[in-house]
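The sequence shown begins at 1 in our numbering and counts up one residue at a time. The structure appears right after this line, and notes come after that.
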Amino acid sequence: MVEIIAACDVYDALISPRPYRTTPYDNRTALEEITEMAQGGKLSLEVVQTLVSHNRKDRPHFRECRVSSEKRGIPPADNLYGVIVEKEMEKEIKCPNCYGSFIKKKTYKEGVEYICYECPNCG
Numbered sequence: 001m002v003e004i005i006a007a008c009d010v011y012d013a014l015i016s017p018r019p020y021r022t023t024p025y026d027n028r029t030a031l032e033e034i035t036e037m038a039q040g041g042k043l044s045l046e047v048v049q050t051l052v053s054h055n056r057k058d059r060p061h062f063r064e065c066r067v068s069s070e071k072r073g074i075p076p077a078d079n080l081y082g083v084i085v086e087k088e089m090e091k092e093i094k095c096p097n098c099y100g101s102f103i104k105k106k107t108y109k110e111g112v113e114y115i116c117y118e119c120p121n122c123g
């Protein structure tokens, strides 16, 4: 059940407007992104196959659904989802909503440093 909710949550996040991306992903590109996540072990491949099969016209059984690894979709132009900024290439990043400057925030979990950017105006 948790795997189904996780895949649906990611799918919904991709196809919906977000503060860091005002233009949502189209259906094809969103499915390609979560397929890549499943191939990397971050989501259940079986659950992603089911989601892909429900998005096909003929709606094949999920076990018969073949998921292509070829990417043909194009992420939105103003997409900041998954952007990693290396230290030597850091520069000011502007919010696509209000054009304010993002604030760099560091968090640590189990000894791993995570960097995210947050708009002080939009949240």
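We put the CB at the ideal spot given by N, CA and C, even for glycine.
For residue i, count neighbouring C-beta atoms within 10 Å of its own C-beta (all shown protein chains included) and say buried if the count is 16 or more, exposed if not.
i	result
R72	exposed
V48	buried
E110	exposed
C119	buried
Residue i bridges to which residues according to DSSP?
i	result
K104	Y117
V112	K109
R21	R18
K94	S101
If contacts are defined as beta-carbon pairs under 8 Å, then residue i and residue j qualify, I think. What distance do you get, rounded to the angstrom?
i	j	result
T29	P96	T29 to P96, Cβ: 18 Å. No contact.
Y117	K106	So it is not a contact: roughly 11 Å between Cβ atoms.
Would residue i and residue j qualify as a contact pair, given that the criterion is a beta-carbon distance under 8 Å?
i	j	result
T23	A77	yes
A7	S44	yes
V52	T35	yes
Y25	E33	yes
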